[in-house]
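Student: First to last, the protein sequences are chains P and S. Under the working numbering, think of the first position of the first sequence as 286, with each following residue one higher. Under the working numbering, think of the first position of the second sequence as 84, with each following residue one higher. From the three backbone atoms N, C-alpha and C, an ideal C-beta is built for every residue, glycine too. Model, not experiment: these values are computed from the prediction. Below is one structure. I have some questions about it.
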Amino acid sequence: MNPDNYLYLSAILFTLGALGVLIRRNAIVVFMCIELMLNAANLAFVTFSRMHGALDGQVIAFFTMVVAAAEVVVGLAIIISVFRTRRSASVDDANLLKY
Amino acid sequence: MSILAASSTTATFVAPHVEFGKLSPMLIAFGTATLGILVEAFAPRKQRYGIQVGLALVGIAASFAAVLALAGTTASVVAQGSVAVDGTTLFLQGTILVISFVAFLVIAERKTDQNQDAFAAQGASVPGSAAERETTRRGWQTTEVYPLLMFSVGGMLLFPAANDLLTMFVALEALSLPLYLVCGLARHRRLLSQEAALKYFLLGAFSSAFFLYGAAMLYGYAGSVNLAVIAQHVAHPTAGSTLLYTGVALLGMGLLFKVGAAPFHMWTPDVYQGAPTPVTGFMAAATKIAAFGALVRVLDVGLGVNSAENVWRPVMQAVAIITMIVGGVLALTQRDIKRMLAYSAILNAGYLLIGVTSTTAQARAAVLFYLPVYGVAIIGAFAVVTLVRDAGGEATDLSRWAGLGRRAPIPAALLAVFLLAFAGIPFTSIFIGKFAIFQAALAAGSPDLVIVAVLASALAAFFYLRVVVVMFFSDPLPQGPTIAHPSIAVKTALAVAAFATVALGVAPSLLLHLANNSAGILAK
């Protein structure tokens, strides 16, 4: 199978993730969309790794996973503390700081 | 097939050679942070504050000593090509460590607010709940902020040194993730603080996803994330440039977000206003230094070839112009001093971008001079903001500052020094910095940028001077804010910041010389 197709898939996933961040209103869903973007980057790394015949792209994907896991820990901590305060995880409700 | 072939030839594992000596500043910072976590786990609650502050300050000093020890060594790329230890790296690392030391003195302050520091008694307790009152009554403190900030310092040391995009991404996250948390831990106005953390986190993670996808595109283009290899492929292209420029654009978004350049500046005012003020000062100074270091390295080492420069330079110049206009105009309308300083930080990012886009050694030296003098002044300015207090924390609304110069002449005079420096009054360090950047931009042939920058400076002088006028030439409010008497540590930090701002304006030659010597050396 032509590896280019995986690149197209990766671009589609990245775009979907970016759109989700801009459109969705629940902080958890927004965060999941960001994770989708990171995974799209992983797919691109692995595909390019296959195309170049080198292994470093696959290793980079592991690094990304570790970073993403750390990001989940920090992100959920922040989202949950906001939820406990406001009883809402909507990013529209967090509107005290503006202009 | 090719993967199978590669794996059979690399059957014998060769241990990578790591130059621990050259990496020692970063290793010390990360090691101190790890020790801080052990302290958090095992030391009794009452002693944690003292141990953590002492440990962090010793760690920063030791790391700075390591930078000094490396100062004379030849520039080289270490750790299998992933970290460049050269003049620029060491200059920026030294700057970040000095700035962090001053910032930690302000962060650790407890005397200004009834023996409590600027952080919530317990981050997990809901604002206004019984649990929060109980933990506050018991005098608990979130001493976790010190190891968290040390991790951030470690990330900042690695960020401008990173010579491949993977290391840069890991450093970016090591720098950012602790800051997201610390932003949400303010003791007063906790809703604002948590909101700032949420916005900073979601937008920061969004931008780092762009950075990573850009890195993936560049990996596809060059077959490596190493900046030197990318530069070779840019100079001698073997494939079309679609992947290259897609990658550079996405990567640039991630970096410009951290720098706080328009149109990626939206988070800056909200986060600067909501975060605990001492942390805001730290972020405004140290993050900006680290991010500009990384930007300079990507553009000069990875994309410093003429054919690529001709593509990215006009874009970056446009970003610089938009940044200066947005920062200058929106700062005019601000009523809150922290927000005003945030827009001023955006404006200053614009000036620095002029230096970055000029890409001559002279411009790079000007940027290297501007970063420390700006960083010291902004930390000083935010440190003064922590002293002006109301019942509910700091009085950041500008109207409350009326007549402050008569009631508290020393803090008001210090703030006036920093603001006049931002405004670019001669005999201040930032005047010299601006002059150096504008001169380098003229020499590099972009007078249009300098014209916009000078106009923006004139605009900026208005809102900086407005604060000075409010403080010194209006009558004090009958029930104005109280002025806290800080500890000797904060007094020292303020004195150092003010002294550096004036002294480097009167006699800048030493730092200019150091910046000139450091800027020429970029390991490739």
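Starting from the C-beta of residue 475(S), find all residues in its chain whose C-beta is less than 7 angstroms away, skip the five residues before and the five after it, and write them out in chain order.
Tutor: The residues are 271, 272.
Student: Which first and last residues belong to the alpha helix (DSSP H) in which residue 613(S) is found?
Tutor: With chain S covering only 84 through 607, there is no way to say anything about residue 613(S).
Student: Going by beta carbon distance, what residues of the same chain come within less than 7 angstroms of residue 227(S), once the five residues before and after it are set aside?
Tutor: Closer than 7 angstroms at Cβ, skipping near neighbours: 123.
Student: Could you name the residues of the region 335-367 of chain P whose beta carbon sits closer than 8 angstroms to any beta carbon of chain S, in the order they occur along the chain?
Tutor: Cβ contacts with chain S: 335, 336, 337, 338, 339, 340, 341, 342, 345, 348, 349, 352, 355, 356, 359, 360, 362, 363, 364, 366, 367.
Student: Look up residue 344(S) in the DSSP assignment and say whether it is helix, strand or coil.
Tutor: DSSP places residue 344(S) in coil when its eight states are reduced to three.
Student: Would you mind reading off the limits of the alpha helix (DSSP H) that contains residue 573(S)?
Tutor: Residue 573(S) -> alpha helix (DSSP H) spans 571-589.
Student: For residue 476(S), does the three-state DSSP call read helix, strand or coil?
Tutor: It is a strand residue.
Student: Is the separation between the beta-carbon of residue 338(S) and that of residue 310(S) shorter than 8 angstroms?
Tutor: Cβ distance not < 8 angstroms, so residue 338(S) and residue 310(S) don't count as in contact.
Student: What does residue 256(S) touch in chain P if you count any residue whose Cβ is under 8 angstroms from its own?
Tutor: Here the neighbours are 352, 355, 356.
Student: So, residue 351(P) versus residue 342(P), is the Cβ gap smaller than 8 angstroms?
Tutor: For residue 351(P) and residue 342(P), no; Cβs fall outside 8 angstroms.
Student: State buried or exposed for residue 493(S), treating a residue as buried only when at least 16 other CB atoms are found within 10 Å of its CB.
Tutor: It counts as exposed.
Student: Just mark residue 519(S) as buried or exposed, buried being the case when its beta carbon has 16 or more other beta carbons within 10 Å.
Tutor: Per the 10 Å Cβ criterion, buried.
Student: In chain P, which residues lie less than 7 angstroms from residue 353(S) when you measure between Cβ atoms?
Tutor: Those are 382, listed as they occur along chain P.
Student: Helix, strand or coil for residue 294(S) per DSSP?
Tutor: Helix at residue 294(S).
Student: For residue 46(S) versus residue 368(S), is the C-beta spacing smaller than 8 angstroms?
Tutor: The shown model of chain S, from 84 to 607, leaves out residue 46(S), and the question about it has no answer.
Student: My assumption, with CB atoms under 8 angstroms, is that residue 359(P) sits in contact with residue 264(S). Please give the rounded CB distance.
Tutor: With 8 angstroms as the limit, residue 359(P) and residue 264(S) qualify as a contact, their Cβ atoms being about 6 angstroms apart.
Student: So is residue 323(P) in contact with chain S if we call contact Cβ pairs under 8 angstroms?
Tutor: True, the Cβ-Cβ gap to chain S drops below 8 angstroms.
Student: Would you mind sorting residue 393(S) into buried or exposed? The rule is 16 or more other CB atoms within 10 Å of its CB.
Tutor: By the 10 Å Cβ count, residue 393(S) comes out exposed.
Student: What residue from 485(S), 593(S), 605(S) has the CA that sits closest to residue 52(S)'s CA?
Tutor: In this structure chain S extends from 84 to 607, so residue 52(S) is not present and cannot be described.
Student: What is the DSSP secondary structure of residue 601(S), counted as helix, strand or coil?
Tutor: Looking at residue 601(S) - three-state DSSP - the assignment turns out to be helix.
Student: Under 8 angstroms, CB to CB, which of the residues in the region 200-224 of chain S have a partner in chain P?
Tutor: So the list reads 206, 207, 209, 210, given in the order they occur along the chain.
Student: Is residue 369(P) close to chain S, meaning its C-beta is less than 8 angstroms from at least one C-beta of that chain?
Tutor: By this cut-off, residue 369(P) is an interface position.
Student: Is the beta carbon of residue 321(P) less than 8 angstroms from the beta carbon of residue 301(P)?
Tutor: A contact, by the Cβ cut-off of 8 angstroms.
Student: Could you confirm whether any beta carbon from chain P is found closer than 8 angstroms to the beta carbon of residue 308(S)?
Tutor: With 8 angstroms as the cut-off, residue 308(S) counts as an interface residue toward chain P.
Student: Can you give me the C-alpha to C-alpha distance between residue 444(S) and residue 230(S), rounded to a whole angstrom?
Tutor: Cα to Cα, residue 444(S) sits roughly 37 angstroms from residue 230(S).
Student: So is residue 315(P) in contact with chain S if we call contact Cβ pairs under 8 angstroms?
Tutor: Taking Cβ atoms only, chain S reaches closer than 8 angstroms to residue 315(P), which makes this a yes.
Student: According to DSSP, residue 404(S) sits in a beta bridge with which residue or residues?
Tutor: BP columns for residue 404(S) are empty, so no partner.
Student: For a test of the three-state rule: what should DSSP assign to residue 380(P), helix, strand or coil?
Tutor: Residue 380(P): coil per DSSP, three-state reduction.
Student: Going straight from the alpha carbon of residue 348(S) to that of residue 188(S), what length do you get?
Tutor: If you take the alpha carbons of residue 348(S) and residue 188(S), they lie about 28 angstroms apart.
Student: Quick check on residue 101(S): does DSSP put it in helix, strand or coil?
Tutor: Residue 101(S) falls in the coil class under three-state DSSP.
Student: Does the Cβ of residue 131(S) have 16 or more other Cβ atoms within 10 Å, making it buried, or fewer, making it exposed?
Tutor: By the neighbour-count rule (16 or more Cβ atoms within 10 Å), residue 131(S) is buried.
Student: Quick one: is residue 319(P) near chain S, going by C-beta distance under 8 angstroms?
Tutor: Yes, residue 319(P) counts as interfacial toward chain S.
Student: For residue 88(S) and residue 368(P), what's the separation of their Cα atoms in angstroms?
Tutor: With a pLDDT of 47 at residue 88(S), under the threshold of 50, the modelled position of this residue cannot be trusted, and the question is left open.
Student: Looking at the C-beta of residue 278(S), does it have a partner C-beta in chain P at a distance below 8 angstroms?
Tutor: So, interface residue.
Student: What number of angstroms, rounded off, separates the C-alpha of residue 101(S) from the C-alpha of residue 471(S)?
Tutor: Each residue's Cα considered, the two are about 49 angstroms apart.
Student: Can you give me the C-alpha to C-alpha distance between residue 390(S) and residue 192(S), rounded to a whole angstrom?
Tutor: Spanning the two alpha carbons is a distance of roughly 51 angstroms.
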